[in-house]
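**Q** Residues 552 to 688 (my numbering) are what the sequence shown spells out, left to right.
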Amino acid sequence: MDESSRTLTGSDDPEFIRSRVSVPYERIIFMDELPVVSPFTVTIMWDRIDEIAADWSHFVITANLVHTMRPDTKSRHELTKRIGSQRIKLRRLVAATGNNAVIRAAAWFVLGRNGIPVTVVTDNEEALQQAIKELAS
Numbered sequence: 552m553d554e555s556s557r558t559l560t561g562s563d564d565p566e567f568i569r570s571r572v573s574v575p576y577e578r579i580i581f582m583d584e585l586p587v588v589s590p591f592t593v594t595i596m597w598d599r600i601d602e603i604a605a606d607w608s609h610f611v612i613t614a615n616l617v618h619t620m621r622p623d624t625k626s627r628h629e630l631t632k633r634i635g636s637q638r639i640k641l642r643r644l645v646a647a648t649g650n651n652a653v654i655r656a657a658a659w660f661v662l663g664r665n666g667i668p669v670t671v672v673t674d675n676e677e678a679l680q681q682a683i684k685e686l687a688s
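Printed below as a string of structure tokens:
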């Protein structure tokens, strides 16, 4: 599958999915979510997050959801479960949703279910600035 096809449809390549989780700054994890979310992609990305954050006492996640479609019920359930598994260490989840009102609402609903503070912003730069502020406080 070529890169443009992956970008449009998602991917079933675990290494490609893992590569979308990175650390731009200490204790900040950036997730560049795939356009098509599935329980499989959620599991791969959150396994990577667990691996990165294993030795951290706390961290913040910024998630690029700008090109992401609304997840189905099974994917939302898996997201809720995986976010909850990091409830103690995850200080805030900052989601960049662009101007997509559906994803903005879904971000509040799905990401905030576990009592973890959620901030929803328009772009990734603003998300990163919010994450830096959270860690400085």
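All C-beta atoms, glycine included, are put in the ideal place defined by N, C-alpha and C.
1) List the whole-angstrom C-beta distance separating residue 612 from residue 644, where the pair is believed to meet the contact cut-off of C-beta under 8 Å.
2) What are the uninterrupted segments assigned as alpha helix (DSSP H) that are 4 or more residues long and contained completely in the segment 576-630, given in chain order?
3) Could you tell me which residues DSSP pairs with residue 646 in its beta bridges?
4) Return the residue from the list 588, 587 and 569 that minimises the CA-CA distance to residue 581.
5) Give me the DSSP bridge partner(s) of residue 653.
6) Tell me the rounded alpha-carbon separation between residue 646 and residue 584.
**A** Result, derived from the coordinates:
1) Right, their Cβ atoms sit about 5 Å apart.
2) Qualifying alpha helix (DSSP H) stretches, in chain order: 590-604.
3) 614 and 671, per the DSSP bridge assignment.
4) Minimum Cα-Cα distance from residue 581 among the listed residues 588, 587 and 569 corresponds to 569.
5) BP columns for residue 653 are empty, so no partner.
6) Between residue 646 and residue 584, the C-alpha separation is close to 10 Å.
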